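K.L.:
Numbering (this note's numbering), first residue to last: 3 to 91.
Ideal Cβ positions, reconstructed from N, Cα and C, are used throughout, including at glycine.
Bear in mind that the values here come from a model prediction, so they are computed numbers and not experimental data.
Supplied in structure tokens, the structure appears directly below.
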């Protein structure tokens, strides 16, 4: 696992590791305090995820910025060859 500072003026660290999403290699950033999990829509399509676009959600990010998700998907996350999560994102 690799800890990195995200931005020069921000003093927090993000955990980053390599794993698999739907059996495809991916770089993962771990945030145990996140209210939602986010996956890049282009990557989701590339690894064969179906995006349920009827299930959009408004989210508030850092700095109170509001954004709307593209939809909802079901993913399988694997770390070190072991199934870690099988959940909706």
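Check the DSSP bridge columns for residue 80 and list the partner residues they point to.
P.N.:
Position 78 of the chain shown, counted from the start, is the residue given in the question as residue 80. Answer by DSSP bridge pairing, in chain order: 22, 85.
K.L.:
Is the distance from the Cβ of residue 59 to the Cβ of residue 70 below 9 Å?
P.N.:
If you number the chain shown from 1, residue 59 lands on position 57. If you number the chain shown from 1, residue 70 lands on position 68. At a Cβ-Cβ threshold of 9 Å, residue 59 and residue 70 count as neighbours.
K.L.:
Is the beta carbon of residue 54 within less than 8 Å of some heavy atom of the ligand GDP?
P.N.:
Only the bare structure without any ligand can be found here, which leaves the ligand GDP out of the picture.
K.L.:
Check residue 55 in the structure and name its three-state DSSP category.
P.N.:
Along the chain shown, one-based indexing puts residue 55 at 53. Three-state DSSP puts residue 55 in coil, outside helix and strand.
K.L.:
Can you say whether residue 86 is buried or exposed, counting buried as having 16 or more other CB atoms within 10 angstroms of its CB?
P.N.:
Against the chain shown, residue 86 aligns to sequence position 84. Looking at its Cβ environment, which holds fewer than 16 other Cβ atoms inside 10 Å, residue 86 is exposed.
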